[in-house]
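Have a look at the structure below before the remarks.
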Amino acid sequence: MALLSPFFYFRLRRAKKKELATAQKAEQDIAQLQEDCGARLSEARAEAERKAETAHAEHSKALERYAAIVDMEAVSVVRVFGTNGGLN
0 MALLSPFFYF RLRRAKKKEL ATAQKAEQDI AQLQEDCGAR LSEARAEAER
50 KAETAHAEHS KALERYAAIV DMEAVSVVRV FGTNGGLN
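In structure tokens form, the structure reads like this:
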């Protein structure tokens with residue numbers, strides 16, 4: 000078997016180094032993408048929580064307004080009909 004030329008070994012080593020560098024870069028890119036996705040997910044969760052809290056607060060305010068209206072109506076009914084339901 001004939002020996003391969005030194006140039007062949009040089010090219011082989013260079014190709015392996017490039018392959019290793021490419022693999023390491025790919026791993027770094029994947030790690031960065033995972034980190035970015037995690038950050039985006041956290042931001043989306045926080046935004047959803049803020050929206051849910053806002054909706055809950057608005058709902059509570061609407062219920063309070065409705066209760067106030069019902070109370071005012073009840074007072075009006077009592078004023079018109081008295082405490083015994085208008086049976087005088």
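Taking numbering that gives the first Met the number 0, the leading residue of the sequence shown gets 0, the next gets one more, and so forth. Glycine included, each C-beta is placed from N, C-alpha and C at the ideal position.
Rounding to the nearest angstrom, what Cα-Cα distance links residue i and residue j in this structure?
i	j	result
Arg12	Pro5	11 Å
Ala66	Glu57	14 Å
Ala45	Ala51	10 Å
Lys60	Ala54	10 Å
Ser41	Ala30	17 Å
Glu63	Val76	20 Å
Check whether the Cβ of residue i lies closer than 6 Å to any heavy atom of the ligand MG, and answer yes or no.
i	result
Gln31	The ligand MG is absent from the structure shown, which contains no ligands of any kind.
Return the first residue and the last residue of the alpha helix (DSSP H) that residue i is part of.
i	result
Leu62	5-80
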